[in-house]
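Using my numbering, count along the sequence shown one by one with no gaps and you end on 604. Where a beta carbon is used, it is the ideal one built from N, C-alpha and C, also for glycine. For clarity, every value in this text was computed on a predicted model and none was experimentally measured.
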Amino acid sequence: LCCILDVFQNLIMVNKFMYFRSHLLKKISEQERLLELVSDLKLEDKYPSFLLNEMKQLTGDKLLEHNLKRVWLQKLPSQVRDTLLLSSDSLSSISLLADNIKDLHYLPEIKSSKYENEHESAN
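Take a look at the structure:
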């Protein structure tokens, strides 16, 4: 009787393990599929927060936040990404910070080109 009980307990554990294993594999493959779905998106001239929202909409908020953060950060310019890697804030807060960094980074370029255009038209 004791041996039969051990067999049933082992069967239950094997079934739990198999369920856990199949569930985990399904979750991993879903995350890989979602990552592939957003891999072609590019920042281009968009704000980082807009790109993040685009990724969320495309994946239906099913992509785990750490995966979303990783792939989103990879698409940002290195000077923005390097600054954000140190932050432990929420992803939405980090995206707003990225927008501000982008504004600050490109502001001198806008001012200098505006100055050059005004200077050329004055001559």
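- Between the region 544-559 and the region 497-504 there are fewer than three inter-stretch CB-CB distances shorter than 8 Å, so the stretches are not counted as touching.
- Judged by their CB atoms, L518 and L539 are nearer to each other than the 8 Å cut-off.
- For S574, the secondary structure class from DSSP, reduced to helix, strand or coil, is helix.
- The alpha-carbon of K508 is positioned some 29 Å away from that of L577.
- In the structure shown, P529 falls within a helical segment according to DSSP collapsed to helix, strand and coil.
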